[in-house]
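Sequence positions in the sequence shown follow the UniProt record's numbering and run 1 to 90.
Built from N, CA and C at the ideal position, the CB exists for glycine as well.
Quantities reported herein were computed from a predicted structural model and do not represent experimental measurements.
Here the structure is laid out as structure tokens; the discussion comes afterwards.
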Amino acid sequence: VENVRLVDRISSKKAALGTLYLTATHVIFVETAPDARKETWIATIEKQATTATGCPLLIRCKNFQLLQLIIPQERDCHDVYISLIRLARP
């Protein structure tokens with residue numbers, strides 16, 4: 001999913017824009033800024049109520065970082081959430 005904003009809920013850093021990749025075994029957020037090709041590996045995800053800026057997902061990362069993804073389209077957010085639930089089941 002492209003044009004996803006990643007918000008760090010603890011630090012005051014500006015939101016990062018990037019792409020969310022879903023594979024059969026991993027969920028990875030990759031920033032689109034050419035000088036910051038940082039990857040964030042995700043452990044768990046929780047869907048929250050839609051806001052005026054988009055549909056937020058609460059993210060707990062493998063390094064214990066707590067983040068929030070804001071996906072512009074509710075349909076894309078729902079698709080990501082459903083995909084993650086299906087992937088989590090054996």
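Item: Going along the chain, which residues of its own chain have a beta-carbon closer than 6 Å to the beta-carbon of Phe-29, five neighbours each way excluded?; Value: Leu-6, Gly-18, Leu-20 and Thr-40
Item: Can you tell which of Lys-47, Val-1 and Leu-67 has the C-alpha that lies nearest to the C-alpha of Lys-13?; Value: Leu-67
Item: Express the C-alpha separation of Pro-34 and Leu-87 in angstroms, rounding to a whole number.; Value: 30 Å
Item: Take Asn-3 and list the residues in its own chain whose beta-carbon comes closer than 7 Å to its own, dropping the five residues that flank it on each side.; Value: Leu-17 and Pro-72
Item: Let's see if you can read the secondary structure: which residues bound the beta strand (DSSP E) around Thr-19?; Value: 16-22
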